[in-house]
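Counting in our numbering, the sequence shown runs from 13 upward without gaps.
To start, the structure under review is shown below, and the notes come after it.
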Amino acid sequence: MFRNVRFYRFDSGWPKTEDESSQLLTQSAFEPCGPLTLRSSGWVPPCPDAGEALSRRVNGADLLKLRSQSRVLPASAINEELEVRIEEYRERMQEPPPPREKRRMKSEARDELMPKALLKSDRIFGFVDPKEKFIAIDAAQSSVAERFLRRLGAAVTLA
13 MFRNVRFYRF DSGWPKTEDE SSQLLTQSAF EPCGPLTLRS SGWVPPCPDA GEALSRRVNG
73 ADLLKLRSQS RVLPASAINE ELEVRIEEYR ERMQEPPPPR EKRRMKSEAR DELMPKALLK
133 SDRIFGFVDP KEKFIAIDAA QSSVAERFLR RLGAAVTLA
(Lines of atoms letter the chains of each structure in order from A; the text may use other names.)
(Lines give C-alpha, C1' and ligand atoms only; values in the text may rest on other atoms or scores of the structure.)
Protein backbone atom coordinates (compact mmCIF):
# COMPACT_ATOMS: atom_id res chain seq x y z
CA MET A 13 0.00 0.00 0.00
CA PHE A 14 2.80 2.45 0.84
CA ARG A 15 5.50 2.94 -1.81
CA ASN A 16 7.47 5.90 -0.49
CA VAL A 17 7.30 6.22 3.27
CA ARG A 18 8.51 9.23 5.24
CA PHE A 19 8.64 9.01 9.02
CA TYR A 20 8.13 11.87 11.47
CA ARG A 21 8.14 11.96 15.27
CA PHE A 22 5.69 13.87 17.43
CA ASP A 23 5.63 14.69 21.13
CA SER A 24 2.06 15.63 21.98
CA GLY A 25 -0.77 13.24 22.71
CA TRP A 26 -2.92 11.47 20.16
CA PRO A 27 -6.57 10.50 20.79
CA LYS A 28 -6.96 7.22 22.64
CA THR A 29 -9.70 5.77 20.42
CA GLU A 30 -10.54 5.58 16.74
CA ASP A 31 -13.78 7.50 17.35
CA GLU A 32 -11.93 10.36 19.06
CA SER A 33 -9.43 10.72 16.22
CA SER A 34 -12.24 10.57 13.63
CA GLN A 35 -14.13 13.25 15.55
CA LEU A 36 -11.09 15.55 15.53
CA LEU A 37 -10.63 15.11 11.77
CA THR A 38 -14.32 15.73 11.04
CA GLN A 39 -13.88 19.51 11.31
CA SER A 40 -11.35 19.27 8.43
CA ALA A 41 -13.32 16.80 6.30
CA PHE A 42 -12.96 17.03 2.53
CA GLU A 43 -15.34 19.27 0.59
CA PRO A 44 -15.16 19.28 -3.23
CA CYS A 45 -14.04 22.40 -5.11
CA GLY A 46 -16.80 24.89 -5.80
CA PRO A 47 -17.17 26.43 -9.26
CA LEU A 48 -14.76 29.29 -8.48
CA THR A 49 -12.51 27.51 -5.97
CA LEU A 50 -9.00 26.78 -7.22
CA ARG A 51 -8.20 23.98 -4.76
CA SER A 52 -9.59 22.13 -1.77
CA SER A 53 -8.30 19.47 0.60
CA GLY A 54 -9.53 17.52 3.60
CA TRP A 55 -9.83 14.12 5.25
CA VAL A 56 -11.78 11.23 3.75
CA PRO A 57 -12.42 7.67 5.00
CA PRO A 58 -9.14 5.74 4.55
CA CYS A 59 -10.70 2.48 3.41
CA PRO A 60 -14.10 1.28 2.14
CA ASP A 61 -14.95 -0.63 5.33
CA ALA A 62 -14.37 2.46 7.53
CA GLY A 63 -17.85 3.80 6.73
CA GLU A 64 -17.99 7.52 7.51
CA ALA A 65 -15.08 7.33 10.01
CA LEU A 66 -12.12 9.47 8.93
CA SER A 67 -9.59 7.22 10.64
CA ARG A 68 -9.25 3.47 10.92
CA ARG A 69 -7.40 1.91 13.84
CA VAL A 70 -5.41 -1.20 12.96
CA ASN A 71 -3.07 -2.81 15.51
CA GLY A 72 -3.00 0.40 17.56
CA ALA A 73 -2.14 2.73 14.64
CA ASP A 74 -4.61 5.08 12.94
CA LEU A 75 -4.74 4.96 9.14
CA LEU A 76 -5.60 8.34 7.54
CA LYS A 77 -6.22 9.60 4.00
CA LEU A 78 -5.95 13.21 2.84
CA ARG A 79 -7.67 14.08 -0.43
CA SER A 80 -6.76 17.19 -2.41
CA GLN A 81 -8.65 18.48 -5.41
CA SER A 82 -7.60 21.27 -7.74
CA ARG A 83 -8.90 22.85 -10.91
CA VAL A 84 -6.73 22.46 -14.00
CA LEU A 85 -6.92 25.63 -16.08
CA PRO A 86 -4.04 25.93 -18.54
CA ALA A 87 -2.54 29.38 -19.05
CA SER A 88 -2.88 28.84 -22.80
CA ALA A 89 -6.68 28.62 -22.46
CA ILE A 90 -6.75 31.92 -20.55
CA ASN A 91 -4.43 33.57 -23.08
CA GLU A 92 -6.56 32.36 -25.99
CA GLU A 93 -9.68 33.88 -24.44
CA LEU A 94 -7.72 37.05 -23.66
CA GLU A 95 -6.70 37.41 -27.32
CA VAL A 96 -10.35 37.30 -28.36
CA ARG A 97 -11.24 39.99 -25.81
CA ILE A 98 -8.33 42.21 -26.85
CA GLU A 99 -9.40 41.95 -30.49
CA GLU A 100 -12.98 42.89 -29.58
CA TYR A 101 -11.66 45.87 -27.61
CA ARG A 102 -9.54 47.02 -30.58
CA GLU A 103 -12.52 46.84 -32.93
CA ARG A 104 -14.72 48.73 -30.52
CA MET A 105 -12.24 51.43 -29.37
CA GLN A 106 -9.92 51.61 -32.42
CA GLU A 107 -6.86 51.33 -30.15
CA PRO A 108 -5.12 48.63 -28.11
CA PRO A 109 -6.25 48.27 -24.50
CA PRO A 110 -4.10 49.86 -21.78
CA PRO A 111 -2.25 47.48 -19.39
CA ARG A 112 -4.79 47.96 -16.59
CA GLU A 113 -7.62 46.99 -18.96
CA LYS A 114 -5.65 43.92 -20.12
CA ARG A 115 -5.25 42.77 -16.50
CA ARG A 116 -8.97 43.24 -15.90
CA MET A 117 -9.83 41.28 -19.07
CA LYS A 118 -7.46 38.48 -18.08
CA SER A 119 -9.04 38.27 -14.63
CA GLU A 120 -12.53 38.15 -16.15
CA ALA A 121 -11.46 35.45 -18.61
CA ARG A 122 -10.03 33.35 -15.77
CA ASP A 123 -13.22 33.79 -13.71
CA GLU A 124 -15.41 32.75 -16.65
CA LEU A 125 -13.30 29.71 -17.54
CA MET A 126 -12.79 28.48 -13.95
CA PRO A 127 -16.17 26.68 -13.59
CA LYS A 128 -15.46 24.78 -16.84
CA ALA A 129 -11.95 23.69 -15.76
CA LEU A 130 -11.23 20.01 -15.16
CA LEU A 131 -10.86 18.69 -11.62
CA LYS A 132 -7.75 16.77 -10.59
CA SER A 133 -7.63 14.79 -7.34
CA ASP A 134 -4.79 13.20 -5.42
CA ARG A 135 -4.79 11.20 -2.22
CA ILE A 136 -2.10 10.88 0.43
CA PHE A 137 -2.14 7.99 2.88
CA GLY A 138 -0.53 8.09 6.28
CA PHE A 139 -0.73 6.46 9.66
CA VAL A 140 -0.12 7.59 13.20
CA ASP A 141 1.33 5.20 15.77
CA PRO A 142 0.56 6.80 19.15
CA LYS A 143 2.45 4.14 21.11
CA GLU A 144 5.77 4.73 19.30
CA LYS A 145 4.92 8.43 18.68
CA PHE A 146 5.60 8.53 14.95
CA ILE A 147 3.73 9.40 11.78
CA ALA A 148 4.35 7.58 8.49
CA ILE A 149 3.32 9.31 5.26
CA ASP A 150 3.24 7.77 1.79
CA ALA A 151 4.85 10.61 -0.18
CA ALA A 152 7.77 10.70 -2.60
CA GLN A 153 8.22 14.47 -2.21
CA SER A 154 8.79 16.27 1.06
CA SER A 155 6.38 19.05 0.03
CA VAL A 156 3.55 16.51 -0.22
CA ALA A 157 4.40 15.08 3.21
CA GLU A 158 4.53 18.59 4.68
CA ARG A 159 1.07 19.33 3.25
CA PHE A 160 -0.22 16.20 5.00
CA LEU A 161 1.44 17.29 8.28
CA ARG A 162 0.05 20.84 8.01
CA ARG A 163 -3.50 19.56 7.52
CA LEU A 164 -3.07 17.05 10.34
CA GLY A 165 -1.61 19.73 12.61
CA ALA A 166 -4.55 22.02 11.83
CA ALA A 167 -7.00 19.29 12.87
CA VAL A 168 -5.06 17.85 15.81
CA THR A 169 -2.50 19.74 17.86
CA LEU A 170 0.82 17.96 17.25
CA ALA A 171 4.26 19.18 18.32
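C-beta atoms are modelled at their ideal positions from N, C-alpha and C, and glycine is treated no differently.
Looking at the secondary structure, which residues open and close the alpha helix (DSSP H) in which F160 lies?
Taking the sequence shown and counting its residues from 1, the one referred to as residue 160 is at position 148. Per DSSP, F160 belongs to the alpha helix (DSSP H) from S154 to A167.
Among S52, A152 and S82, which one has its Cα closest to the Cα of F137?
Here residue 137 refers to the residue found at position 125 of the sequence shown. Here the closest residue by C-alpha is A152.
Would you call the region 47 to 55 and the region 152 to 168 in contact, with 3 or more CB pairs under 8 Å?
Taking 8 Å as the limit for Cβ pairs, the verdict is that the region 152 to 168 does touch the region 47 to 55.
Which class does L48 belong to by DSSP, given the choice of helix, strand or coil?
As a working mapping, residue 48 is identified with position 36 in the sequence shown. Three-state DSSP puts L48 in coil, outside helix and strand.
In or out: K132 buried (at least 16 other Cβ within 10 Å) or exposed?
Taking the sequence shown and counting its residues from 1, one reaches residue 132 at position 120. K132 is exposed by the Cβ-count criterion.
Compute the distance between the beta-carbons of R135 and R68, then report whether it is under 8 Å.
Residue mapping note: residue 135 aligns to position 123 of the sequence shown, counting from 1. Residue mapping note: residue 68 aligns to position 56 of the sequence shown, counting from 1. Taking 8 Å as the Cβ cut-off, R135 and R68 do not qualify as a contacting pair.
Which of the three DSSP states is assigned to S119 in this structure?
On the sequence shown, residue 119 is found 107 positions in, with the first residue counted as 1. Helix.
Going by alpha carbons, who is nearest to S33 out of G72, M105, E124 and K128?
The count along the sequence shown starts at 1 and reaches residue 33 at position 21. Minimum Cα distance to S33 is reached at G72.
How would you label C59, buried or exposed, when you count the other beta carbons within 10 angstroms and need 16 or more for buried?
Indexing the sequence shown from 1 puts residue 59 at position 47. So C59 counts as exposed.
Just to check my reading of the structure: K145 and F22 have Cβ atoms closer than 8 Å, yes? What is that Cβ distance to the nearest angstrom?
As a first step, residue 145 is located in the sequence shown; it is residue number 133 there, counting from the start. As a first step, residue 22 is located in the sequence shown; it is residue number 10 there, counting from the start. About 6 Å; that satisfies the 8 Å criterion.
Grouping DSSP H, G and I as helix and E and B as strand, with all else coil, what is R15?
The residue labelled residue 15 in the question sits at position 3 within the sequence shown. Correct three-state label for R15: coil.
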